[in-house]
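For the sequence shown, the residue numbers in full-length UniProt numbering are 1 to 225.
Quick reminder that beta carbons are idealized off the backbone N, C-alpha and C, glycines included.
Only one structure is covered here, and it is reproduced in the block below.
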Amino acid sequence: MTTVLVVDDEPQIVRALRINLSARGYDVLTAHDGKTALEVAADGKPDIVVLDLGLPDIDGAEVIAGLRGWTSVPILVLSARTESARKVEALDAGADDYVTKPFGMDELLARLRAAVRRSTTLSVEEPIVRTATFTVDLAAKKVHRDGAEVHLTPTEWGLLEILARNSGRLVSQKQLLQEVWGPSHVREAHYLRVYLAGLRRKLELDQSRPRHLITEPGMGYRLEP
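Have a look at this one:
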């Protein structure tokens with residue numbers, strides 16, 4: 001389960017975020033000031049922090065700097081401050097994204113999913129993942145087979161990218177569903193069967209006997225170079 005730390009001194013915003021995030025399968029931690037936020041982050045090890053800049057004790061930028069001293073956890077700033085200088089300050093301090101109040105819940109959740117997805121996909125030293133049949137260019141977000149680029153849908157690319165970043169490792173069904181479709185879809189295993197079948201049609205020499213996009217029944221999938 002993905003853990004979100006919500007830091008805001010407005011109780012109604014904390015309550016709204018807790019309800020919406022919990023309903024979508026997130027585990028929610030909360031803090032109402034900067035000092036508590038740093039303590040909760042150290043103890044709870046959240047997967048992402050949603051942080052208001054206007055806190056009663058410590059400026060939000062200082063909280064970001066405090067977090068960045070020991071963790072690379074994604075930080076999504078949520079603030080009523082619209083000045084460009086404040087946004088730049090927060091981003092330069094180490095924030096990953098910035099959402100201005102008032103905000104739409106759907107947009108906030110989409111940005112949160114994107115931030116979690118970026119942080120949980122393992123980085124690889126080499127941005128090119130090569131198999132005997134096709135090549136995945138993670139930097140350019142392109143796939144080539146037999147010297148030609150293969151067109152993938154955004155969802156197909158999302159799945160392949162996660163598998164490529166974890167080349168040779170098993171990626172669970174739950175992780176794939178959560179990172180591509182969101183926490184509310186972690187039980188929709190049929191999504192994976194449909195989209196992996198599409199990837200195999202485009203990338204495998206024999207889709208009925210896949211060599212690279214391997215299914216581990218009941219567990220997940222693996223990209224085998």
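Pick from 105, 94 and 193 that is closest to residue 65, judged by C-alpha positions: The option with the nearest alpha carbon to residue 65 is 94.
Residue nearest to residue 132 in terms of C-alpha spacing, selected from 225, 183 and 118: 225
Name the residue from 172, 219 and 179 whose alpha carbon lies nearest to the alpha carbon of residue 158. 179
Please go through the same chain and pick out, in chain order, the residues whose beta-carbon is closer than 6 Å to the beta-carbon of residue 121, but skip the five residues on each side of it. Unreliable positioning characterises residue 121 in this predicted model, as indicated by a pLDDT of 48, which lies under 50. The coordinate reading is nonetheless provided below. Excluding residues within five positions, the ones whose Cβ falls inside 6 Å are 162 and 165.
Residue from 4, 213, 58 and 154 with nearest C-alpha to residue 170: 213
Since I believe residue 48 is in contact with residue 246 (beta carbons under 8 Å), could you give me their beta-carbon distance rounded to a whole number of angstroms? A question about residue 246 goes unanswered here, because the residues of the chain that appear run from 1 up to 225.
Is it buried or exposed, residue 172, if we count other Cβ atoms within 10 angstroms and call 16 or more buried? By the neighbour-count definition (other C-beta atoms within 10 Å, threshold 16), residue 172 is an exposed residue.
In the structure shown, what three-state DSSP assignment does residue 221 receive? strand
Using 10 angstroms around the beta-carbon of residue 63, count the other beta-carbons present and answer buried if the total reaches 16, otherwise exposed. buried
Hey, is the region 41-55 in contact with the region 66-78, meaning 3+ C-beta pairs nearer than 8 Å? Below 8 Å, enough C-beta pairs join the region 41-55 and the region 66-78 to call them touching: three or more.
Which runs of the beta strand (DSSP E) spanning at least 3 residues fall entirely within the UniProt domain "Response regulatory" (3-116), listed in chain order? 3-7, 27-31, 48-51, 75-79 and 97-100
Just the C-alpha distance for residue 208 and residue 215, rounded to the nearest angstrom, thanks. 12 Å
On the criterion of 16 or more Cβ atoms from any shown chain inside 10 Å, does residue 128 qualify as buried, or is it exposed? exposed
Residue 67 beta carbon less than 9 Å from that of residue 97: no
Same chain, Cβ closer than 8 Å to residue 61, neighbours up to 5 away in sequence not counted: 53, 89, 90 and 93
Cα-Cα separation between residue 124 and residue 140, rounded to whole angstroms: Caution applies to residue 124, whose pLDDT of 41 falls short of 50 and renders its modelled position unreliable; the value that the coordinates give is listed next. The alpha-carbon atoms of residue 124 and residue 140 are separated by roughly 14 Å.
Since residue 137 sits in a beta bridge, which residues does DSSP pair it with? 128 and 142
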